[in-house]
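As you go down the protein sequences, you meet chains A and B in turn.
The working numbering applies: residue 1 is where the first sequence begins, and numbers increase by one.
The working numbering applies: residue 87 is where the second sequence begins, and numbers increase by one.
Let me begin by presenting the structure, written as structure tokens, before commenting on it.
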Amino acid sequence: MGAATVRDPLTRLGRAYLTFTPDEDSVAVLFDRVPGLSRRQPVVEQLPALQATVAADFARQRTVSIDGWRLARTEARVAALHALGH
Amino acid sequence: MLVDGRAVPDGSVVTADLCIIGSGAAGITIARELAGSTLDVVVLESGALELDTRTQNLYKGQFVGQPVSAELESTRMRYFGGTTNHWAGNCYPLDPADFESKPYVERSGWPFSYEDLEPYYLRAADTCQIGPFRFDWQFGVEKGAQAPPELESHTFRGIARQITEARFGEVYRSTLVDAANIRVLLWSNVVELLTAPDDARRVDAVQVATLAGPKFQVQATAFVLATGGIEVPRVLLASNSRIPKGIGNSHDLVGRCFADHPNVLMALALLRADAPYHTAKTVLVDSAGVPHPVGIAMWLRLRRRALRASQLLSAQISAIDPSVVQAIGITQREWPELFERSAQIDALLATSGAPTAEPRAFLVNMEQEPNLASRVRLARKKDALGMPTVHVDWRLTRDDRVRTFRTARLFAEQVARAGLGRARVVLSGYEAGSAIHTDEQIDNAALDFIVGSNMHHMGTARMHRSPRQGVVDEHCRVHDVKNLFIGGSAVFPTTGASPPTMTIVALATRLADHLRTKVLAA
Ligand SMILES: Cc1cc2nc3c(=O)[nH]c(=O)nc-3n(C[C@H](O)[C@H](O)[C@H](O)COP(=O)(O)OP(=O)(O)OC[C@H]3O[C@@H](n4cnc5c(N)ncnc54)[C@H](O)[C@@H]3O)c2cc1C
Chain A
1 MGAATVRDPL
11 TRLGRAYLTF
21 TPDEDSVAVL
31 FDRVPGLSRR
41 QPVVEQLPAL
51 QATVAADFAR
61 QRTVSIDGWR
71 LARTEARVAA
81 LHALGH
Chain B
87 MLVDGRAVPD
97 GSVVTADLCI
107 IGSGAAGITI
117 ARELAGSTLD
127 VVVLESGALE
137 LDTRTQNLYK
147 GQFVGQPVSA
157 ELESTRMRYF
167 GGTTNHWAGN
177 CYPLDPADFE
187 SKPYVERSGW
197 PFSYEDLEPY
207 YLRAADTCQI
217 GPFRFDWQFG
227 VEKGAQAPPE
237 LESHTFRGIA
247 RQITEARFGE
257 VYRSTLVDAA
267 NIRVLLWSNV
277 VELLTAPDDA
287 RRVDAVQVAT
297 LAGPKFQVQA
307 TAFVLATGGI
317 EVPRVLLASN
327 SRIPKGIGNS
337 HDLVGRCFAD
347 HPNVLMALAL
357 LRADAPYHTA
367 KTVLVDSAGV
377 PHPVGIAMWL
387 RLRRRALRAS
397 QLLSAQISAI
407 DPSVVQAIGI
417 TQREWPELFE
427 RSAQIDALLA
437 TSGAPTAEPR
447 AFLVNMEQEP
457 NLASRVRLAR
467 KKDALGMPTV
477 HVDWRLTRDD
487 RVRTFRTARL
497 FAEQVARAGL
507 GRARVVLSGY
517 EAGSAIHTDE
527 QIDNAALDFI
537 VGSNMHHMGT
547 ARMHRSPRQG
557 VVDEHCRVHD
567 VKNLFIGGSA
577 VFPTTGASPP
587 TMTIVALATR
597 LADHLRTKVL
607 AA
């Protein structure tokens with residue numbers, strides 16, 4: 001299914017991230033790069049708990065551009081995990 | 087005194103100490119400063135006291151470079167009061183950093199500093215009829231204007247602009263008409279500056295033509311050409327019967343470095359619901375005992391250190407209403423599509439339980455770098471008085487576009503860093519922009535997004551101490567000519583991102599002092 005036909009907006013966001021970061025197109029790599037994320041709970045539900053990490057990303061310019069949006073790298077990775085079914 | 091130029095006998099010569107050509111912001115300021123002095127001043131104005139279509143049509147010409155949605159003749163006004171008859175009244179001086187030369191921009195900087203011009207800015211504030219000379223964020227807050235304070239950061243500085251209702255022609259008409267030493271000649275078009283037959287370095291008369299027929303000359307000790315940023319080079323270049331390249335043009339600089347403030351719909355932002363949106367406030371200020379309304383609204387500027395660190399130029403960011411989007415080059419039909427994309431971010435932000443507000447749009451007015459290829463040229467076509475019309479070849483450099491992109495990105499980062507929400511760089515609907523993820527991709531991208539014009543015409547008779555690099559010297563005198571001065575934004579060697587008129591008025595005030603105390607003192 002192409003990104004454009006995906007209804008869920010977060011899935012679209014996550015897929016877009018993976019298209020230009022193919023080396024992270026792996027659940028293991030993504031979990032490894034977002035410390036503190038549990039595999040037992042949907043990742044999206046854990047985003048509020050990651051707010052400090054997200055803020056630190058913005059403070060240190062660990063940001064990415066997806067479809068023009070400036071996002072924290074952590075947010076993008078969580079969206080990618082969501083797109084990969086977590 | 088008001089004089090109808092059409093009634094001046096054909097072939098006659100009018101004499102004066104000073105002849106000011108044009109009665110816009112610059113011309114009126116100089117005349118007003120000299121009202122009541124011992125100098126005999128003649129102001130030559132092409133139009134009358136109201137708009138006249140035939141006269142306005144003398145401004146017809148063509149944009150041949152960067153597309154502009156307006157016709158050339160509608161971007162300025164050709165009657166008493168000039169373009170202030172329909173300006174928006176935004177007043178803000180140039181930033182001190184705008185006067186400095188930037189190592190990464192060729193030809194940047196002014197021959198003097200902000201501090202040198204500040205005393206004249208104070209007087210300009212009075213002439214423009216704004217409130218106290220304050221433009222800081224705190225002033226805006228004190229007056230009740232709103233904007234999210236979190237946008238102030240080490241990258242951006244919040245400022246308050248003042249919006250005057252003063253139309254120079256209305257406000258200063260009686261000052262000029264009542265002054266015993268001033269004659270304002272209406273319906274009087276300068277078609278050529280005439281250098282003395284025995285001295286090409288001195289203008290001894292100007293040739294005036296009227297649409298009704300009579301032609302006459304004005305002789306004066308000194309002349310100020312204050313006809314606006316496009317008409318200044320037109321008159322200089324068309325003054326070619328004795329000097330074929332035109333007056334002031336020995337180094338081929340007249341008309342070059344034409345600049346505007348390109349505006350771009352820069353970003354859409356989803357802001358926290360509790361973040362105050364940019365709202366203006368109208369307050370009453372006192373000017374010479376008469377209270378009058380002045381608007382106060384917030385803008386964001388790049389800080390000096392951010393400019394230097396990222397090799398950027400001045401930028402001015404404001405929040406805009408979607409209804410004005412059409413005016414800046416993006417259609418209403420496209421607008422909902424842009425907003426639709428925000429659903430993704432909405433979903434992201436909603437995960438943290440933060441309620442998001444309506445998407446907001448932000449516009450940036452950019453400074454463009456001095457560019458010799460961006461220029462005003464004479465065209466073959468002539469106007470009703472036989473004067474060549476102009477081609478305005480407005481151009482942006484690739485660096486101008488890259489800087490716009492980077493500025494938008496800095497803004498989007500600041501929105502997120504401040505915890506206000508998230509922002510998307512949209513660049514007037516530039517779709518290819520959404521595929522730019524890395525700095526290398528910026529270098530390879532076409533960046534051919536739409537830019538709008540602010541109708542601020544600048545740079546065409548630039549100021550520099552050296553005649554090789556400037557048309558006028560630091561006193562606004564044409565290098566090649568002893569008694570010809572230029573008023574208006576044509577002289578700006580670096581434009582900054584501020585609306586130009588307050589600086590035009592400050593420079594005109596300074597020029598009036600110079601004329602009175604030095605040039606015409608004897
Ligand atoms: C829609 C619009 C909104 C604007 N809003 C703002 C704003 O918010 N803030 C800001 O700072 N600036 C704004 N500007 C720009 C501002 O209007 C100009 O910077 C300012 O008016 C320039 O002053 P000037 O005296 O140099 O030229 P003008 O005001 O254009 O005056 C030139 C005068 O010369 C006369 N003239 C021209 N040719 C001849 C000739 N051959 N012989 C005799 N007379 C001649 C004209 O009739 C006119 O009276 C705006 C401009 C536009 C178009």
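Note that the Cβ used here is the ideal one computed from N, Cα and C, for glycine as well.
Residues near residue i in its chain [Cβ-Cβ closer than 8 Å; skip 5 each side]
| i | result |
| --- | --- |
| B:A502 | R508, A509 |
| B:R492 | S396, L398, I528 |
| B:I245 | Y178, F221, D222, W223, G226, M384, W385, L386, R387 |
| B:K146 | E157, L158, E159, D469, T475 |
| B:D346 | Q454, W480, S539, N540, M541, H542, H543, M544 |
Assigned exposure category for residue i - 16 Cβ within 10 Å defines buried
| i | result |
| --- | --- |
| B:F309 | buried |
| B:Y363 | exposed |
| B:G113 | buried |
| B:V376 | exposed |
| B:G334 | buried |
| B:F198 | exposed |
| B:Y190 | exposed |
| B:V558 | buried |
| B:M87 | exposed |
| A:D57 | buried |
| B:P348 | buried |
| A:A52 | exposed |
| B:I414 | Caution is warranted here: a pLDDT of 48 is assigned to B:I414, below 50, making its placement in the model unreliable, and the coordinate value is therefore given only provisionally. That one is buried. |
| B:A583 | buried |
| B:P319 | buried |
| B:N530 | exposed |
| B:R419 | Reliability of the predicted coordinates at B:R419 is poor, the pLDDT of 45 falling under 50, and no value is obtained from them. |
| B:P330 | exposed |
| B:N275 | buried |
| B:N143 | exposed |
Ligand 1 heavy atom lying under 6 Å from the CB of residue i
| i | result |
| --- | --- |
| B:G91 | no |
| B:T587 | yes |
| B:V276 | yes |
| B:R164 | yes |
| B:W273 | no |
| B:T161 | yes |
| B:M384 | no |
| B:A583 | no |
| B:N451 | no |
| B:A312 | yes |
| B:A174 | yes |
| B:A112 | yes |
| B:I107 | yes |
| B:L130 | yes |
| B:I572 | no |
Other residues of its chain near residue i: CB distance less than 7 Å, five sequence neighbours each side excluded
| i | result |
| --- | --- |
| B:R481 | G151, Q152, N457, A459, S460 |
| B:D485 | E455 |
| A:V44 | L10, V78, H82 |
| A:V54 | A72, T74, E75 |
Test: residue i CB closer than 7 Å to a CB of chain B
| i | result |
| --- | --- |
| A:F20 | yes |
| A:G85 | no |
Closer than 7 Å to chain A by CB, residue i
| i | result |
| --- | --- |
| B:H172 | no |
| B:R510 | yes |
| B:H523 | yes |
| B:R503 | yes |
| B:G519 | yes |
6 Å CB neighbourhood of residue i in its chain, flanking five on each side removed
| i | result |
| --- | --- |
| B:R209 | T595 |
| B:A521 | none |
| B:Y206 | A592, T595, R596 |
| B:K188 | S194 |
| A:H86 | V43 |
| A:L84 | V27 |
| B:T589 | L180 |
Query raised in the report: Which of the residues in the segment 41-75 of chain A, read from start to end, lie with their CB under 8 Å from any CB of chain E?
Result: Annotation note: the requested chain E is absent from the structure, which comprises protein chains A and B.
Query raised in the report: What residues from the segment 228-239 of chain B come within 8 Å of chain A, judged by C-beta to C-beta, listed N to C?
Result: none
Query - Under 7 Å (Cβ pairs) to chain A, residues found in the segment 474-501 of chain B - result: R495, A498, E499
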